[in-house]
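The structure appears below as C-alpha cells.
2 protein chains.
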Amino acid sequence: MTRRSSSVTIRDVAREAGVSVATVSRYINQNTPVSTNVAERLDVVMSKLRYVPHAAARNLASRKTRVIGLLLNNLHNDFFVPLLNGVEAVVRKKGYNLIVATYHASSRNHMQPPIGPHNTDGLLVFSDGLMDEDLVTLNTSGFPMVLVHRTPPLHLRIPSVTVENIEITKKLVEHLIQVHGKRRILFLRGPIHQEDSVRREAGYRSALQANGIPIDENLILNGDFERDVAYEAMNGFLSRQDRATFDSVFTGDDDAAIGVLKALHENGIRIPEDAAVIGFDDLGFAPFLNPPLTTVRAPTETVGQIATERLFGLLENHPSDEVIILPTEIILRRSCGCQS
Amino acid sequence: MTRRSSSVTIRDVAREAGVSVATVSRYINQNTPVSTNVAERLDVVMSKLRYVPHAAARNLASRKTRVIGLLLNNLHNDFFVPLLNGVEAVVRKKGYNLIVATYHASSRNHMQPPIGPHNTDGLLVFSDGLMDEDLVTLNTSGFPMVLVHRTPPLHLRIPSVTVENIEITKKLVEHLIQVHGKRRILFLRGPIHQEDSVRREAGYRSALQANGIPIDENLILNGDFERDVAYEAMNGFLSRQDRATFDSVFTGDDDAAIGVLKALHENGIRIPEDAAVIGFDDLGFAPFLNPPLTTVRAPTETVGQIATERLFGLLENHPSDEVIILPTEIILRRSCGCQS
DNA sequence: TGAAATAATGTAAACGGTTACAGTAAACGG
DNA sequence: CCGTTTACTGTAACCGTTTACATTATTTCA
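If you read the sequences in order, they're chains A and B. Start counting the first sequence at 1198; every next residue gets the next number (this note's numbering). Start counting the second sequence at 1198; every next residue gets the next number (this note's numbering).
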C-alpha cells in the first residue's frame, strides 16, 4: 500500500473490470452506451471497491462543479427556512449540491465573494449580497445567475424572482388608515439598500401621501429585518424623552415584528388597543403570536423553487432575463385591530 | 482568443509577472516566502488579470476541498436557523465553504449520501441523517466527522455535540405534574430514531413513573418535530370519537408546538386553562406565541459553533472523541399555567 | 575569502477524472 | 461478398493547480 491516498480511483475500477478508464467514465456518466456484459461487470466491481468518483477531478476535467451557490447577507431570519427549503428541494432533485454562503457589506472591503465561477456552476443572489459592480462583472462574463428578492440594476438583464412589495404595503397601510383610523404609523426599515425594504417604504410613503398624511421622518426607524435590532430600535424610540406619538407600527417583516412586540409588551403598550402592529412574510409562527399577527403572505418557498429552477434553466441553455414578481396577499389578524 | 475557457489561469499570471507558476502558487498559499519584489508584481498582475484560482484544480492537487458539509434530515424547522448560524459563522471565519445537504430514510434506498470524502474535508452529521453503517464506513476510513444532536453508536468513537434532553424533560414534565397537577400528559414524538426525541420520551416516561402515573400509550403521538405533522396529529387525536382525556401536551419542540397550538385553538380548547402546552428549544418566537410558550432553552447556535470548531480541530489533527452535552434550562411562561 | 548554510525560484510530475480521436468487430445493404 | 455503417472500446492529451526536488543567488562566518 504505497499509494498516497487510500481512495479508489477510476483506474482501479478499470483494471479490476478489465476495461479502459474511458469505458468506466462513460458508463458512470451514461454518455456512450456500454455493452451489457461490461456494465454488469462494472456494477460488481464498483460496489465491491466502493468506488466514488472524486469530485474535484471530475470538476476539473469537465469544467462543471455540479454545485450551485446561494449567496445571502446573513442567516439571521426565520424567513430563510422556507427559502432554503425551496432551493434545496430543486437542487437535490437535480442531483446538485448547494453551497450556502454569506457575504455582506462589511466583508466586502477585504474579500471577494466566497462563491463564484471558480467553485459553482451558477449563483442565486439574494438581495444585496453583491454590489452592482460584482453583478456586472459576473454577468458580462456570462456566468449563470438568478437574483432573488431583488431586481436587476439598470442595463443588466439578469433573471430575477421576487415578490410584490409596493402595492401590498400601500394597501395594508391604507387598511390601517382607513379601517382603523391610524395616522401616526411607525415604519421600521430593513437593511439599507435591501430592495424589499426600499419598496415597502415606498408603499408606505405612497399610502400616507394618498391619504393626506404628512410624512414624519421621526417615525421611520431602522429595524434591519432582525428581531434584536428591531427590539432595540423600538425600545430606543420608546425611551426617548421627546418621542413622537404613534398609534401603529409597520415592522418591516415578521421576524422584526417579534422584537417590536417584545418592546411594546415590556413597555405596557397594548396591542392592538394602544398600537396596531403589522408584519410581512407570514412565517409559520405569525398566526400564533400574541396577538396573532396581521401580515402579508409571501410565497417564499415558491420563490426559492422558481429561482432555482430558472437557474437550472440557464445552465441548460434556456436564456432568460425575465423578472418574475410573485403576488402577495394581506392576512388580517388581530394585531391590526381586526378580529378583536 | 482560442482558449476553450475564458478564465485566467495561474500560467497567465506567471507569464505576465515573469515568474514560474510555482512561485505564483507559493505566493497565493503563503507557503514559502517570496521576494517583496515578486510579491508586488504578483499583486498587480493578479488584480489586473482578475485572477481567481480554480477551486477544482486546487482541490485535486492538494487533496483538500476547503469545504465542509452539513448533513440534515430536512430543513423543515426554524430550529435550523440558529444551528446554521453557528455553523456558518465558524466556517466563514476559517475561509471554508459550507455545503448543506439533506439525506433521509426515503432517499437512502437508491442513493448514497450527496456529501462525503469525495467533495468535502469533513462532515457535520445532524441527527439520523446517516445510519450507523454509513457512520462506521466513514469513521473507519478516518474521515473527519462530528455528530450533532446525536451521540455515537456503540463501539464508535466519534466526537459529538448535543444538548441535555432527558433530565430537563423529566423536570419539566414533573413541573406539570407537581405544580400544575396534570396527570394526562400528551406526548408528541419527533422523528422515529431521532435521538432528541428518544431521550425526551425517556424523560417523559421517567417522570410519569417517578410520580406513580401509569403510562397510557394512547397519549403518545407522532409529531415529527414539524408544524404541519404535529397539527395533523393533534387534530386527528381530537377528532377521534373515543379519544382519551388529556390535560396537557408536551409538543416535542417549539416548531411542533405551533401546530399543536393551532389545533387546540381551532377546537376551542383554552391554553393553559383546558390544556397546558410546553415546547422545546426556545426559538425566538416562543415568548410571543399566544400564550407565551413554556419551553426548554437549548443553546442551538452554540451547538453549531462548537461542533464546527471541533470539526476544524479534527482537520488540524487534534483528535477527539469527546461527547459534549450542553446544558439546557427550563423557561416558564404562560402556556403551562405559570404567570397567568 | 571561500565553504556552508539559507533564501528564493524553477522544473516537471502528479492529482483523478473527461473526451477527442482512432480503432475494431459486428451488422447491414445492395 | 465486400464496402459502409453502427456499436463499442481504447489511447492519450488535457483540465489548472500543488509540491518534491533541483537549482541558483545571497548570506553567514570561521
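Even for Gly, the Cβ is constructed at its ideal location relative to N, Cα and C.
Taking only runs that begin and end inside the stretch 1360-1416 of chain A, name each unbroken alpha helix (DSSP H) of 4 or more residues, in chain order. 1363-1375 and 1392-1407
If I measure Cβ to Cβ from Glu1463/B and keep anything under 8 Å in the same chain, skipping five residues before and after, which residues do I get? Asn1432
Taking one C-beta from the stretch 1478-1498 of chain A and one from the stretch 1250-1263 of chain A each time, how about it: are there three or more such pairs within less than 8 Å? no
Would Glu1285/A pass as an interface residue toward chain B - the criterion being a Cβ-Cβ separation below 9 Å? yes
What would DSSP say about Phe1323/B, mapped onto helix, strand or coil? strand
Whole angstroms are fine: how far does the CA of Val1210/B sit from the CA of Val1216/A? 40 Å
For Ile1528/A, which option in Thr1492/A, Arg1507/A, Val1520/A and Val1500/A has the closest C-alpha, if you only look at C-alpha atoms? Thr1492/A
Can you tell me the Cβ-Cβ gap for Val1322/A and Ile1522/A, rounded? I've got them flagged as a contact below 8 Å. The Cβ separation is near 17 Å, so there is no contact.
What residues of chain A sit near Arg1424/B, judged by a beta carbon separation below 7 Å? Gly1481
By how many angstroms is the C-alpha of Arg1531/A removed from the C-alpha of Gly1387/A? 23 Å
Take the Cβ of Asp1450/B as the centre, count every other Cβ of all protein chains shown within 10 Å, and call the residue buried at 16 or more, exposed below. buried
Is the Cβ-Cβ distance between Phe1434/B and Leu1486/B less than 9 Å? no
Assign Arg1208/B to one of three DSSP states: helix, strand, or coil. helix
Just grab the DSSP bridge partners of Val1493/B for me. Ile1527/B
Ordered along the chain, which non-local residues of its own chain (more than five positions away) have a Cβ less than 7 Å from that of Asp1518/A? Arg1354, Ile1355 and Pro1356
Whose Cβ in chain A lies nearer than 7 Å to the Cβ of Ser1489/B? Sequence inspection shows Pro at residue 1489/B; the Ser mentioned does not correspond to that position. Correct list: Asn1487.
Closer than 8 Å is the cut-off here; do at least three beta carbon pairs connect the stretch 1367-1380 of chain B with the stretch 1392-1409 of chain B? yes
Please identify, using Cβ separations under 7 Å, the residues of the stretch 1230-1253 of chain A that lie next to chain B, in order along the chain. Val1249, Pro1250, His1251, Ala1252 and Ala1253
Every unbroken beta strand (DSSP E) within the stretch 1406-1492 of chain B, with a cutoff of 3 residues, ordered by chain: 1417-1419, 1445-1447 and 1473-1475
In chain B, what lies closer than 7 Å to Phe1277/A by C-beta? Val1278
Residues of chain B with CB under 9 Å from Gly1313/A, in chain order? Val1249
Would you give the residue range spanned by the beta strand (DSSP E) that Gly1283/A belongs to? Here Gly1283/A belongs to no beta strand (DSSP E); instead the alpha helix (DSSP H) covers Phe1277 to Lys1290.
Between the Cα of Ala1253/A and those of Val1284/A, His1315/A, Asn1282/A and Arg1212/A, spot the shortest distance and give me the residue it belongs to. His1315/A
N-terminal and C-terminal residue of the alpha helix (DSSP H) that Thr1262/B is part of: Per DSSP, Thr1262/B belongs to no alpha helix (DSSP H) and is neither H nor E.
Return no unless some Cβ of chain A is closer than 9 Å to the Cβ of Gln1309/B. yes
Mind checking whether Gly1465/B and Thr1448/B have CB atoms under 9 Å apart? no
For Arg1503/B, which three-state DSSP category applies? Correcting the residue type first, residue 1503/B is Ile in the shown sequence and not Arg. DSSP places Ile1503/B in helix when its eight states are reduced to three.
Span of the alpha helix (DSSP H) holding Thr1233/B? Thr1233 to Leu1246
Quick one: Cα of Leu1461/A to Cα of Asn1415/A, how far? 18 Å
What's the C-alpha gap between Ser1222/A and Arg1238/A? 14 Å
Can you pull the chain A neighbours of Gly1272/B, defined as C-beta to C-beta under 7 Å? A small fix is needed here, since residue 1272/B is Leu in this sequence, not Gly. Val1278, Leu1281, Asn1282 and Glu1285, listed in chain order.
What residue from Gly1283/A, Val1242/A, Arg1208/A and Val1205/A has the CA that sits closest to Glu1506/A's CA? Gly1283/A
What distance in whole Å lies between the Cβ atoms of Lys1379/B and Asp1444/B, which are believed to be in contact at a cut-off of 8 Å? 5 Å
Buried or exposed, going by whether 16 or more other CB atoms sit within 10 Å of the CB of Pro1488/A? buried
Cβ of Thr1448/A less than 9 Å from any chain B Cβ? no
On a CA-only basis, which of Val1395/B, Leu1385/B and Arg1208/B is nearest Arg1347/B? Give me that one, please. Val1395/B
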